[in-house]
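A.B. asks:
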Amino acid sequence: MPPRTIMSTAAATAAVLALGVTLLAAAPQSGAAAAEPAPVTDYCQGQCDDILPPGQNGNATLVEILGNKAFGTHPAHSDDQIDRYDGLVAGHTALTDQKLTDFFNDASFGVPKDRVESVVSPRADVTITRDKATGVPHIKGTTRYGTEFGAGYAAGQDRLWLMDLFRHIGRGQLTSFAGGALANQGLEQQFWPQAPYTEADLEAQVAYIRTHEGPRGEQAMADAQAYVDGINAYRDKSKNGRYFPGEYVLTGKIDAITNVGEIEPFKLTDLISIASVVGGQFGGGGGGEVQAALSLLSAQQKYGVAEGTKVWESFRQRNDPEAVLTVHDGTAFPYAGKPDKGRGTALPDAGSVTAEPLVFDRTGSAGTDRKAPVKAPANLRKAQGIYDDGVIPEGSLPGSGSGAQKRGMSNALLVSGKHTASGNPIAVFGPQTGYFAPQLMMLQELQGPGISARGVSFAGVGMYVQMGRGQDYAWSATSAGQDITDTYAIELCEPDGSAPTKDSTHYRYRGTCTAMETLERTNSWKPTVADSTAEGSYRMQVRRTHYGVVTHRATVGGKPVAYTSLRSTYRHEADSIIGFQMFNDPDLVKDAASFQRAASNIDYAFNWFYADSRTAAYYNSGMNPVRAAGVDPALPVKAERAYEWKDFDPAANTAAYTSFAEHPNSNGQDYYVSWNNKQAEGYSAAGFGLGAVHRGDLLDDRVAKLVAEGGVTRASLTRAMAEAGITDLRGEQLLPELLKVIRSRPVTDPELNGVVQQLESWRAAGSQRRENGSGSHGYAHADAIRVMDAWWPRLVEAEFRPGLGDDLYRELTAALATDESPAASHGASGAHSGSAFQYGWWGFVDKDLRKVLGQPVKGPLARTYCGGGDLGGCRDALLASLKEAAAQPATQVYPGDDTCKAGDQWCADAIVHRALGGISQKTIHWQNRPTYQQVVEFPAHR
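Numbering (my numbering), first residue to last: 3 to 944.
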């Protein structure tokens with residue numbers, strides 16, 4: 003059978019054949035053997051580990067999909083990392099360096115001969131060797147082209163269907179490709195307006211890299227073309243050999259009997275499209291200025307302009323002095339701060355804001371979830387309807403879904419060699435990108451001319467390792483989210499000089515009434531075996547201007563305007579390829595300084611972390627535009643030349659950007675932590691929520707303690723990460739203050755006092771959400787956790803709503819959700835996604851309660867809200883909300899979904915690898931942890 007499509011057991015294969023399946027996978031032919039590349043020295047010496055659940059193999063033939071649905075079998079290497087990943091929850095307390103590989107892969111370079119599972123040479127100048135343990139491809143090329151061709155070929159082997167999905171998501175064509183399920187409609191309606199392009203736009207971005215990035219740009223596009231060639235080579239072979247992913251049959255692309263049909267060839271512009279999805283989701287920052295303006299207006303309407311602005315700024319927390327920092331040595335990096343005297347701000351008139359319509363001309367099932375199942379052949383019925391809820395269920399992608407905050411994800415813990423047992427820096431880090439089957443990323447090792455690395459890349463843009471390790475260094479990233487997106491208010495006009503309205507499609511650009519560009523995408527679908535959604539269609543339309551895409555209409559001072567969103571990386575979705583190319587080049591990255599210079603070529607907003615045997619280091623990347631003096635980046639600004647970015651040229655969306663030294667950066671600090679928290683002093687938050695309490699505190703407190711004790715090891719730093727990953731932020735950071743208020747007088751109600759005692763016991767035990775026994779699927783302190791989950795939204799409302807009033811409370815909660823517990827479905831990644839406690843009112847509650855308790859507060863809220871500032875009144879409000887929460891049964895706190903029964907607390911938290919293809923995975927214990935993670939300690943250097 004072909005590599006990557008091996009059935010788990012012969013019995014399973016026989017059972018599937020009994021169903022009458024006729025599509026059998028013929029073995030592909032390997033090419034001629036390649037010459038063996040020169041060996042590289044691995045300076046990690048067995049001290050580099052990694053993990054990426056559920057498993058490497060993300061392709062499944064129709065036979066394998068049907069076997070999974072009928073019998074629960076899994077293709078080889080599709081689920082062999084999930085148990086080790088899950089096992090760290092119970093195993094971290096007794097973790098030693100020697101036991102790390104019980105929970106992680108050995109990430110050493112190469113594959114020992116006795117551990118080789120398969121070797122394929124799709125060309126004479128490259129080999130793809132897969133190891134027995136995980137099936138990870140180790141790609142070695144004797145030429146640059148061959149190496150990149152092999153990377154593309156391996157990507158086809160492991161993620162062909164996933165790559166096809168994401169190029170269609172990026173192009174706004176998901177429903178036409180995979181079916182009209184309501185979640186698919188929602189997903190393309192969310193993503194396409196963020197990065198709408200014509201084919202000419204995508205081609206222009208390819209040309210821009212070739213012509214503006216020098217020899218490295220030319221090499222990058224040559225590498226990308228070789229990668230695409232490799233994908234297409236596998237696409238052709240798998241189609242002709244009938245071992246292509248079975249989803250193509252189930253969605254009606256290929257006939258299972260005749261093999262008639264096509265997998266569309268990949269092209270360079272597909273990579274730009276995929277990059278727009280990945281970069282926009284994980285590497286964006288800023289935006290949201292219209293909602294910010296609405297909340298500011300609400301505050302001003304309640305308190306008056308001066309006092310309302312003061313109140314709003316105290317919630318906005320642009321530079322909270324109590325926020326946890328990545329660069330904590332006092333170095334400041336001023337950026338995007340509040341100007342002393344703002345100018346050009348364009349606040350809307352009250353009640354005038356309306357969202358720009360996106361969807362038109364709906365027919366059939368468009369906008370609904372109406373089903374019309376096809377009559378599936380008997381041999382396919384086990385897989386019927388696998389996409390009825392969408393190929394990517396709503397809210398599963400980080401930042402997607404109704405009301406979800408964008409971005410976030412990922413954490414990093416690094417300790418300087420001065421504080422480790424070995425004297426070498428240690429890093430435990432990785433991206434937190436949600437949980438899917440297969441994952442959005444894939445592991446690979448690349449060895450070839452000018453390339454030497456092992457790690458992960460997002461499928462479809464894997465020309466280089468994007469996060470991983472080199473010969474004597476390792477690196478990773480967290481989403482930074484600094485402000486690289488602004489909102490402009492463009493003055494509307496009519497070309498004939500008549501009075502404009504909010505619906506006008508022309509705007510004034512540098513004195514000229516200019517037509518908005520209309521971009522459209524028409525999609526249609528019919529029911530298939532995979533997606534039973536009834537036939538339908540619609541047209542998506544966006545208006546594009548020199549100042550970005552129109553998002554809202556309003557009036558400002560009575561005059562009609564359109565609000566637009568302008569992201570600095572728009573039209574530059576793949577320019578970051580240069581930085582990734584540099585990361586993989588052993589002749590370029592030789593130390594922390596050269597790595598930081600390479601990272602500065604990444605245009606998206608990321609925090610980059612680096613470790614070798616000598617230094618731990620940090621650099622914040624991103625195309626930070628230089629704004630005009632006096633412009634407030636937190637609010638909409640007039641679209642006039644005086645308020646544009648410095649040197650702004652709309653033709654290619656270029657401008658002047660802040661210098662290398664102005665980006666937060668550091669070498670050799672005692673330790674670094676990042677969990678999408680604030681980077682450094684003066685580096686203003688792009689949105690609400692970077693305040694006195696942040697999930698980064700869960701890491702910072704633990705790592706600071708380890709550093710103070712000294713002798714840090716890989717195991718002890720991993721334990722700190724794992725412990726933080728099962729800890730409830732509210733219980734650890736805020737429950738002590740809540741209990742102080744409540745215990746300021748005796749609780750006379752015996753039943754309520756018992757609830758308070760449960761919370762106290764849970765806090766004393768560490769505020770963890772952890773099983774009371776391995777595999778029990780029940781939490782220790784389950785009642786206390788249930789009460790906290792029910793209480794938190796109630797206590798926030800009881801604490802703040804009376805003082806803020808209904809309107810301002812509504813607008814502020816629209817800007818920042820109050821809660822993101824693991825069981826919440828409204829968080830940044832939706833339900834069952836692992837990531838939790840990033841977005842919430844933790845910092846507001848903390849500052850307010852400390853003020854009520856008479857404790858010192860730096861950067862306090864402008865007013866005290868709990869009980870109107872009275873301790874007794876605050877206590878009464880908290881107890882009343884607590885009593886109400888305690889009475890709420892588990893079936894209401896955890897209402898159940900398609901995975902869990904109502905009342906199943908453990909399951910409500912649990913991680914579900916959302917199936918992007920036909921293979922499902924088991925549910926695992928909740929962890930607030932990177933999806934892909936490295937544990938590294940280099941003992942030597944070149």
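Built from N, CA and C at the ideal position, the CB exists for glycine as well.
#1: Under the three-state reduction of DSSP, which class applies to D911: helix, strand or coil?
#2: On the criterion of 16 or more Cβ atoms from any shown chain inside 10 Å, does Q407 qualify as buried, or is it exposed?
#3: Would you report the Cα separation of N261 and A380, rounded to the nearest angstrom?
#4: Could you tell me which residues DSSP pairs with M443 in its beta bridges?
#5: Once you ignore the five residues that flank V208 on each side, which residues in its own chain have a CB closer than 6 Å to its CB?
#6: Write down every uninterrupted run of the beta strand (DSSP E) in the stretch 623-688 whose length is 3 residues or greater and which is fully enclosed by it, in chain order.
#7: Find the nearest neighbour of V122 within the set D203, K142, A301 and F106, judged by alpha-carbon distance.
#8: Using only CA atoms, which one of K849, K853 and G472 lies nearest to A613?
#9: Count the other CB atoms, across all protein chains shown, that sit within 10 Å of the CB of Q47; report buried if there are 16 or more and exposed otherwise.
#10: May I have the straight-line CA-CA distance separating Y510 from D605, to the nearest angstrom?
#11: Can you give me the start and stop residues for the alpha helix (DSSP H) that E66 sits inside?
#12: Just how far apart, CA to CA, sit A1 and L54?
#13: Going along the chain, which residues of its own chain have a beta-carbon closer than 6 Å to the beta-carbon of A20, five neighbours each way excluded?
#14: Within 10 Å of its beta-carbon, does E939 have 16 or more other beta-carbons around it, so buried, or fewer, so exposed?
#15: So, with DSSP's three-state summary, where would you put R409?
#16: Relative to the alpha-carbon of A461, which residue among D99, S275 and A601 has its alpha-carbon at the smallest distance?
#17: To the nearest angstrom, how far is it from the Cα of E358 to the Cα of I256?
#18: Since I believe F431 is in contact with S481 (beta carbons under 8 Å), could you give me their beta-carbon distance rounded to a whole number of angstroms?
#19: Measure the alpha-carbon distance for A694 versus F846 and round it to whole angstroms.
#20: Quick one: using the 10 Å Cβ neighbour count with 16 as the cut-off for buried, is T24 buried or exposed?
#21: So the candidates are V467, E725 and W794; which of them puts its Cα closest to the Cα of V91?
#22: Hey, quick one: how far does the beta strand (DSSP E) through N609 stretch, first residue to last?
#23: Using 10 angstroms around the beta-carbon of R747, count the other beta-carbons present and answer buried if the total reaches 16, otherwise exposed.
#24: Helix or strand or just coil, what does DSSP make of T24?
#25: Can you grab the Cα-Cα spacing for the pair Y620 / N669, in whole Å?
#26: State the Cα-Cα distance for the pair W844 and A682, rounded to the nearest angstrom.
#27: Kindly identify the DSSP beta-bridge partner or partners of D51.
#28: Hey, R865 and G805: beta-carbon distance below 8 Å or not?
#29: Ignoring anything shorter than 3 residues, give me the beta strand (DSSP E) runs that lie fully in the stretch 137-175, in order along the chain.
#30: What would DSSP say about G263, mapped onto helix, strand or coil?
#31: Note down the Cα distance separating S240 from F246, rounded to an integer number of angstroms.
#32: So V675 and A414 are in contact, right, with Cβ under 8 Å, and what is the actual spacing, rounded?
#33: Can you list, in chain order, the residues of its chain with a C-beta nearer than 7 Å to that of P588? Leave out the 5 residues immediately preceding and following it.
#34: Extract the residue ranges of the alpha helix (DSSP H) inside the stretch 180-248, only unbroken runs of 4 or more that lie entirely within it.
#35: Could you check the C-alpha separation between W764 and A722 for me, to the nearest Å?
#36: Which residue spans inside the stretch 487-558 form an unbroken beta strand (DSSP E) run of at least 3?
C.D. replies: In short:
#1: Mapped onto the sequence shown, residue 911 falls at position 909. Correct three-state label for D911: helix.
#2: Translated into the one-based positions of the sequence shown, residue 407 becomes position 405. Any reading at Q407 must be qualified, since the residue scores a pLDDT of 47, below 50, and its modelled position is unreliable; the value itself is stated next. Classification of Q407: buried, given that the 10 Å Cβ count is 16 or more.
#3: Within the sequence shown, the letter at position 259 stands for residue 261. Within the sequence shown, the letter at position 378 stands for residue 380. Near 18 Å, if we compare the C-alpha coordinates of A380 and N261.
#4: To locate residue 443, count along the sequence shown from 1; it is residue 441. Its beta-bridge partners are F460.
#5: Counting from 1 along the sequence shown, the entry for residue 208 is found at position 206. Same-chain partners within the cutoff: L270.
#6: 667-669, 673-676 and 683-685
#7: As a first step, residue 122 is located in the sequence shown; it is residue number 120 there, counting from the start. Of D203, K142, A301 and F106, the residue nearest in Cα terms is K142.
#8: As a first step, residue 613 is located in the sequence shown; it is residue number 611 there, counting from the start. With distances taken between Cα atoms, A613 lies closest to G472.
#9: The sequence position of residue 47 within the sequence shown is 45, counting from 1. Label assigned to Q47: exposed.
#10: The residue labelled residue 510 in the question sits at position 508 within the sequence shown. The residue labelled residue 605 in the question sits at position 603 within the sequence shown. It is Arg, not Tyr, that sits at residue 510 in the sequence shown. Spanning the two alpha carbons is a distance of roughly 30 Å.
#11: Position 64 of the sequence shown, counted from the start, is the residue given in the question as residue 66. For E66, the enclosing alpha helix (DSSP H) starts and ends at L64 to F73.
#12: Absent from the model: residue 1. The displayed extent of the chain is 3 to 944, so no value can be given.
#13: Here residue 20 is taken as the residue at index 18 of the sequence shown, counted from 1. Its pLDDT being 39, under 50, A20 is placed unreliably in this model, and the coordinates cannot settle the point.
#14: The count along the sequence shown starts at 1 and reaches residue 939 at position 937. Of the residues assessed, E939 falls on the buried side of the cut-off, its CB having 16 or more other CB atoms within 10 angstroms.
#15: For the purposes of this step, residue 409 is taken as the residue at position 407 of the sequence shown. Unreliable positioning characterises R409 in this predicted model, as indicated by a pLDDT of 46, which lies under 50. A coordinate reading is not provided.
#16: Sequence index remark: in the sequence shown, residue 461 carries index 459 (1-based). That would be S275, whose Cα lies nearest to the Cα of A461.
#17: Stepping through the sequence shown from its first residue, residue 358 is reached at position 356. Stepping through the sequence shown from its first residue, residue 256 is reached at position 254. Rounded to whole angstroms, E358 to I256 spans 38 Å at the Cα level.
#18: For this step, residue 481 is matched to residue 479 along the sequence shown. For this step, residue 431 is matched to residue 429 along the sequence shown. In fact, because the Cβ distance is near 13 Å, the residues do not count as touching under 8 Å.
#19: Your numbering for residue 694 matches position 692 in the sequence shown. Your numbering for residue 846 matches position 844 in the sequence shown. Roughly 8 Å between the two C-alpha positions.
#20: As a first step, residue 24 must be located in the sequence shown, where it is residue number 22. Confidence at T24 is low in this model, with a pLDDT of 33, below 50, so the placement of that residue is unreliable and no value is reported for it.
#21: For the purposes of this step, residue 91 is identified with residue 89 of the sequence shown, where counting begins at 1. Cα-wise, what sits closest to V91 is E725.
#22: Against the sequence shown, residue 609 aligns to sequence position 607. Element bounds for N609: F608 to D614.
#23: Here residue 747 is taken as the residue at index 745 of the sequence shown, counted from 1. Burial call: exposed.
#24: To locate residue 24, count along the sequence shown from 1; it is residue 22. For T24, the predicted model reports a pLDDT of 33, less than 50, meaning its position is unreliable; a value from the coordinates is still stated below. Reduced to three states, the DSSP call for T24 is coil.
#25: Counting from one through the sequence shown, the residue named residue 620 turns up at place 618. Counting from one through the sequence shown, the residue named residue 669 turns up at place 667. Each residue's Cα considered, the two are about 6 Å apart.
#26: Residue 844 sits at position 842 when you count from the first residue of the sequence shown. Residue 682 sits at position 680 when you count from the first residue of the sequence shown. Whole-angstrom Cα-Cα distance: 20 Å.
#27: Position 49 of the sequence shown, counted from the start, is the residue given in the question as residue 51. D51 has D108 and V937 as its beta-bridge partners, per DSSP.
#28: Along the sequence shown, read from residue 1 onward, the residue named residue 865 stands at position 863. Along the sequence shown, read from residue 1 onward, the residue named residue 805 stands at position 803. A contact, by the Cβ cut-off of 8 Å.
#29: Under the rule that a run must span 3 or more residues, the beta strand (DSSP E) segments found entirely inside the stretch 137-175 read 139-143.
#30: The residue labelled residue 263 in the question sits at position 261 within the sequence shown. Here G263 sits in strand by DSSP.
#31: Residue mapping note: residue 240 aligns to position 238 of the sequence shown, counting from 1. Residue mapping note: residue 246 aligns to position 244 of the sequence shown, counting from 1. Cα to Cα, S240 sits roughly 5 Å from F246.
#32: The residue labelled residue 675 in the question sits at position 673 within the sequence shown. The residue labelled residue 414 in the question sits at position 412 within the sequence shown. At roughly 7 Å, the Cβ-Cβ gap stays under 8 Å, so V675 and A414 are in contact.
#33: Your numbering for residue 588 matches position 586 in the sequence shown. Same-chain partners within the cutoff: S454, G472 and Q473.
#34: Counting only runs of 4 or more residues that sit fully inside the stretch 180-248, the alpha helix (DSSP H) segments are 184-193, 201-214 and 216-243, in chain order.
#35: Position 762 of the sequence shown, counted from the first residue, corresponds to residue 764. Position 720 of the sequence shown, counted from the first residue, corresponds to residue 722. For W764 and A722, the distance between alpha carbons rounds to 19 Å.
#36: 487-495, 508-511, 514-517, 519-527, 538-547 and 550-558
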